[in-house]
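Have a look at the structure below, then the notes.
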Amino acid sequence: MYSLWKRFVKKDASSEVTNRIQHIKQFDVPQHIAIIMDGNGRWAKKRALPRVAGHHEGMKTVRKITKVANKLGVKTLTVYAFSTENWKRPKSEVDFLMKLPQEFLGTFLPELISENVRVETIGDLSLLPSHTQNAVIRAMEDTKDNDGMILNFALNYGSRGEIVSAVNSIIEDAKNGIIKDGITEQMLSSYLMTKHLSDPDLLIRTSGEIRLSNFMLWQAAYTELWFTEVLWPDFSEEHLLQAVEEYQKRSRRFGGV
Ligand code: FPP
Numbered sequence: 000m001y002s003l004w005k006r007f008v009k010k011d012a013s014s015e016v017t018n019r020i021q022h023i024k025q026f027d028v029p030q031h032i033a034i035i036m037d038g039n040g041r042w043a044k045k046r047a048l049p050r051v052a053g054h055h056e057g058m059k060t061v062r063k064i065t066k067v068a069n070k071l072g073v074k075t076l077t078v079y080a081f082s083t084e085n086w087k088r089p090k091s092e093v094d095f096l097m098k099l100p101q102e103f104l105g106t107f108l109p110e111l112i113s114e115n116v117r118v119e120t121i122g123d124l125s126l127l128p129s130h131t132q133n134a135v136i137r138a139m140e141d142t143k144d145n146d147g148m149i150l151n152f153a154l155n156y157g158s159r160g161e162i163v164s165a166v167n168s169i170i171e172d173a174k175n176g177i178i179k180d181g182i183t184e185q186m187l188s189s190y191l192m193t194k195h196l197s198d199p200d201l202l203i204r205t206s207g208e209i210r211l212s213n214f215m216l217w218q219a220a221y222t223e224l225w226f227t228e229v230l231w232p233d234f235s236e237e238h239l240l241q242a243v244e245e246y247q248k249r250s251r252r253f254g255g256v
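Structure below.
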């Protein structure tokens with residue numbers, strides 16, 4: 000009897016999510032959502048678990064949120080999975096984080112393929128262990144013809160480094176006569192790792208921290224920011240819908256009136 004009731008409650012909650020998604024889709028849905036997935040360590044600590052247990056649970060949240068973002072019709076979902084600063088963490092934690100793309104893609108790649116999701120990355124992959132690189136490269140290859148949502152992993156990504164390397168390439172192209180006049184904003188954007196993507200419309204950071212932590216600094220110039228106290232492993236479909244609903248209530252003026 001209890002399990003029947005539980006099944007009923009679950010079904011009811013999922014149909015509520017479906018109705019909410021249908022409602023949201025009638026209005027302006029952010030084309031690009033970027034997420035700073037923070038709070039895995041604190042989630043684990045609260046449960047007296049090792050920090051890596053939080054990262055593992057956070058990996059499952061990526062799957063959940065990918066599915067709902069896709070259902071909303073989001074074009075790009077960028078998730079900050081490993082920053083250029085995260086190398087400072089203990090080796091055991093870095094090693095664990097480096098295994099997550101492999102586990103995630105090993106488990107969910109067929110599902111991503113069936114949902115027409117294309118896997119992409121930003122960040123310098125060359126410094127990642129070869130097992131991580133191989134998993135990611137294989138997923139990109141296997142999903143390259145999918146034309147649905149882009150699931151973009153920021154891996155060994157840092158925004159200042161990205162801008163510096165863009166400027167160095169511009170200098171090189173200027174020396175070689177490829178660039179003749181001064182540089183423009185559009186030109187600089189076209190040298191970033193996100194050159195083929197629109198700027199994020201909505202940036203979410205979990206766990207109560209209110210900063211950008213070297214994430215998409217150039218691209219986020221006019222992004223709507225949404226912060227929540229919820230720790231990433233606890234972040235649910237409903238939280239994403241809440242963020243999008245609040246985004247839809249904002250008036251985006253891009254400096255105009
Ligand atoms: C920040 O939380 C989180 C990270 C540095 C790693 C984020 C990675 C995942 C959520 C898993 C990635 C999944 C895939 C599929 C690659 P924190 O450890 O700084 O948390 P804390 O501030 O509570 O210590």
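Just so it is clear: in the sequence shown, position 204 is 203 by numbering that gives the first Met the number 0, and no numbers are missing.
Don't be surprised by glycine CBs; every beta carbon is placed ideally from N, CA and C.
Distance cut-off 7 Å: Pro89 Cβ against heavy atoms of the ligand FPP = Numbered from 1 along the sequence shown, position 90 holds the residue referred to as residue 89. It does not: the Cβ of Pro89 is nowhere closer than 7 Å to a heavy atom of the ligand FPP.
The ligand FPP heavy atom lying under 7 Å from the CB of Gly57 = In the sequence shown, counting from the first residue as 1, residue 57 sits at position 58. Indeed, a heavy atom of the ligand FPP lies less than 7 Å from the Cβ.
request  = Check whether the Cβ of Met36 sits closer than 7 Å to any heavy atom of the ligand FPP, and report yes or no.
outcome  = Numbered from its first residue, the sequence shown carries residue 36 at position 37. With a threshold of 7 Å, the Cβ atom of Met36 counts as near the ligand FPP, since some heavy atom of the ligand is closer than that.
request  = Determine the contact status of Asp27 and Gln247, defining contact as a CB-CB distance below 8 Å.
outcome  = Along the sequence shown, read from residue 1 onward, the residue named residue 27 stands at position 28. Along the sequence shown, read from residue 1 onward, the residue named residue 247 stands at position 248. Contact annotation: Asp27 and Gln247 have beta-carbon atoms nearer than 8 Å.
query = Closest by CA to Phe253, which one among Glu114, Ser113 and Asp198?
reply = For the purposes of this step, residue 253 is taken as the residue at position 254 of the sequence shown. Relative to Phe253, the option among Glu114, Ser113 and Asp198 whose CA is nearest is Asp198.
message = Quick check: does the Cβ of His238 come within less than 7 Å of any heavy atom belonging to the ligand FPP?
response = For the purposes of this step, residue 238 is taken as the residue at position 239 of the sequence shown. Checking the Cβ of His238 against the ligand FPP gives no.
task = Say whether the stretch 131-149 touches the stretch 65-74, bearing in mind that this needs 3 or more beta-carbon pairs closer than 8 Å, one atom from each stretch.
result = Enough Cβ pairs lie closer than 8 Å, so yes.
Asp37 classed as buried or exposed, judged by whether at least 16 other C-beta atoms fall within 10 angstroms = For the purposes of this step, residue 37 is identified with residue 38 of the sequence shown, where counting begins at 1. With 16 or more other Cβ atoms within 10 Å, it is buried.
Beta-ladder partner(s) of Ile257, from DSSP = Residue 257 is absent from the model: the chain starts at 0 and stops at 256.
message = Whole angstroms are fine: how far does the CA of Thr205 sit from the CA of Pro49?
response = As a working mapping, residue 49 is identified with position 50 in the sequence shown. As a working mapping, residue 205 is identified with position 206 in the sequence shown. A direct Cα-to-Cα measurement between Pro49 and Thr205 gives close to 20 Å.
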